[in-house]
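Residue numbers (my numbering): 2 to 220.
Here is the structure we will look at, set down as structure tokens.
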């Protein structure tokens, strides 16, 4: 075989390797999340963490809930830039327990420092802001509460994205929240609701989970 033929063969092998590596990564990721979603693989256990939140088994795809943005526009999580997401469920009324969860998740987000931009926050409710009751007199930081829920969200929760969902989808997506209203969720960059927290988990424990996940994630 001539040197030219050898070089051509080597070039083809290099080209196939360059093309094949990304394809292999995509296929492997798809395979992994298929089995995670089925509950056959405990990803957190494999990575070797004693997580403080409760794993949602199997994970639930947020986009299965047919969520909507303001104005009734269909929402798709998978259309967004991949990020970790705090998801706080809500309903027709926000009481002191609801306000406490919103305050806590905001403070945890801010406390993430240089990792702050790798996380975002969603509030998902069966009711639009203007129709949500606000049964709070004093905020968690001891300041007087605004007059209504929409004013509170605009003043205290800037940057938090609000979405609405039907009652049936709410119950199927947020099973743990229907049993314990202090429950909120962590959604992974691919759109899976994969971990839940409630008021029994401390601020520091949530941050420990987040730091581990961010350290082991490219998103």
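Ideal placement from N, C-alpha and C gives every residue a C-beta, glycine not left out.
One or two residues paired with residue i in a DSSP bridge
i: residue 62; result: 193
i: residue 139; result: 145
i: residue 198; result: 185
i: residue 56; result: 196
Short Cβ contact (9 Å threshold) for residue i with residue j
i: residue 83; j: residue 190; result: yes
i: residue 167; j: residue 133; result: no
i: residue 100; j: residue 186; result: no
i: residue 68; j: residue 130; result: no
i: residue 135; j: residue 94; result: yes
Range covered by the beta strand (DSSP E) that runs through residue i
i: residue 89; result: 85-91
i: residue 127; result: That residue, residue 127, is in no beta strand (DSSP E); it is neither H nor E in DSSP.
Cβ-based burial, residue i [other Cβ within 10 Å; buried from 16]
i: residue 188; result: buried
i: residue 88; result: buried
i: residue 138; result: exposed
i: residue 184; result: buried
i: residue 145; result: exposed
Closer than 8 Å: residue i CB and nearest the ligand ADP heavy atom
i: residue 191; result: Absence of the ligand ADP is noted for the structure shown, with no ligands found whatsoever.
Residue interval of the alpha helix (DSSP H) (run including residue i)
i: residue 165; result: Note, residue 165: premise wrong, no alpha helix (DSSP H); beta strand (DSSP E) at 162-165.
i: residue 212; result: 204-216
i: residue 154; result: 150-157
Stretch pair the stretch 156-163 + the stretch 175-184: three plus CB contacts closer than 8 Å: By the Cβ test, the stretch 156-163 is not in contact with the stretch 175-184, since fewer than three Cβ pairs between them sit closer than 8 Å.
Touch test, the stretch 50-69 against the stretch 197-216, Cβ-Cβ under 8 Å, three pairs minimum: With a cut-off of 8 Å, the stretch 197-216 and the stretch 50-69 count as touching, because enough Cβ pairs lie within range.
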